[in-house]
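In the working numbering, the protein residues as written are 150 to 379. Structure record follows, encoded as structure tokens.
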């Protein structure tokens, strides 16, 4: 973690359980950061440069599956895990409980919370699901070229305009970035984004405003890939 570029980086190790180190993180604000670890461990930090603490319920007892992604909005925090498991908090990360996800047999790779009881889930089976009732029921969202999509690795929505969002979709060839302007109801291949350079996977997408997205992944035959589409 780093507070500023000039000050450099500080490795945070205090508070992590051995063999259950960090795999993903989301900072809701400067005093509330959530970290997903291996083996079903969920952490939080009030001062990320100091130490983390295990969230009650996220101590490997509810699930032992690795956590792949985490996102929070308001008091709702959702950790997406392997083997269709979710760890969900409705009290701002004071505790989490286990919920069954939308796709039996799949790993849950990505999550984006859009309302107190609504979130999108991307799976290792190439499916995108949405719930509006806190995970009681899910609906699969139709995606263009769905038959070729093998995984949904990242989902993000614009802070400036929540109707605008992006997701990264893995295929047998280069990964794709899809866009929505309907809050996730309809997704499409944007012309500019369709020109994504040859790659072997996109790990994360981030909406940088209404009409700009950054995609980070691995380029074919090289170390890394950063693409910005406007």
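Virtual Cβ for every residue (Gly too), placed ideally from N, Cα, C.
Alpha carbon of residue i to alpha carbon of residue j, nearest angstrom
i, j, result
"residue 235", "residue 229", "5 Å"
"residue 151", "residue 161", "Per-residue confidence for residue 151 stands at a pLDDT of 49, beneath the threshold of 50, marking its modelled position as unreliable; the derived number appears in the next sentence. Taking the straight line joining both Cα atoms gives about 10 Å."
"residue 163", "residue 175", "18 Å"
"residue 375", "residue 218", "20 Å"
"residue 159", "residue 290", "40 Å"
"residue 348", "residue 368", "4 Å"
"residue 272", "residue 263", "17 Å"
"residue 296", "residue 325", "13 Å"
"residue 256", "residue 270", "10 Å"
"residue 354", "residue 320", "16 Å"
"residue 293", "residue 199", "44 Å"
"residue 185", "residue 221", "12 Å"
"residue 336", "residue 288", "15 Å"
8 Å Cβ cutoff met for residue i and residue j
i, j, result
"residue 303", "residue 278", "no"
"residue 250", "residue 233", "yes"
"residue 308", "residue 275", "no"
"residue 280", "residue 268", "yes"
Residue i: first and last residue of the uninterrupted beta strand (DSSP E) it sits in
i, result
"residue 326", "325-329"
"residue 234", "234-238"
"residue 218", "216-222"
Minimum C-alpha distance to residue i - residue among the options
i, options, result
"residue 352", "280, 336, 332, 323", "323"
"residue 195", "310, 261, 182, 186", "182"
"residue 190", "178, 246, 320, 215", "215"
"residue 282", "356, 225, 357", "225"
"residue 261", "213, 357, 311", "311"
"residue 243", "212, 169, 259, 193", "193"
Three or more C-beta pairs closer than 8 Å, one from the region 236-249 and one from the region 197-205: is that the case here? yes
Tell me, please, whether the region 354-362 touches the region 310-325 by the rule of three or more beta-carbon pairs shorter than 8 Å. In short, these stretches touch, since the Cβ pair count reaches three.
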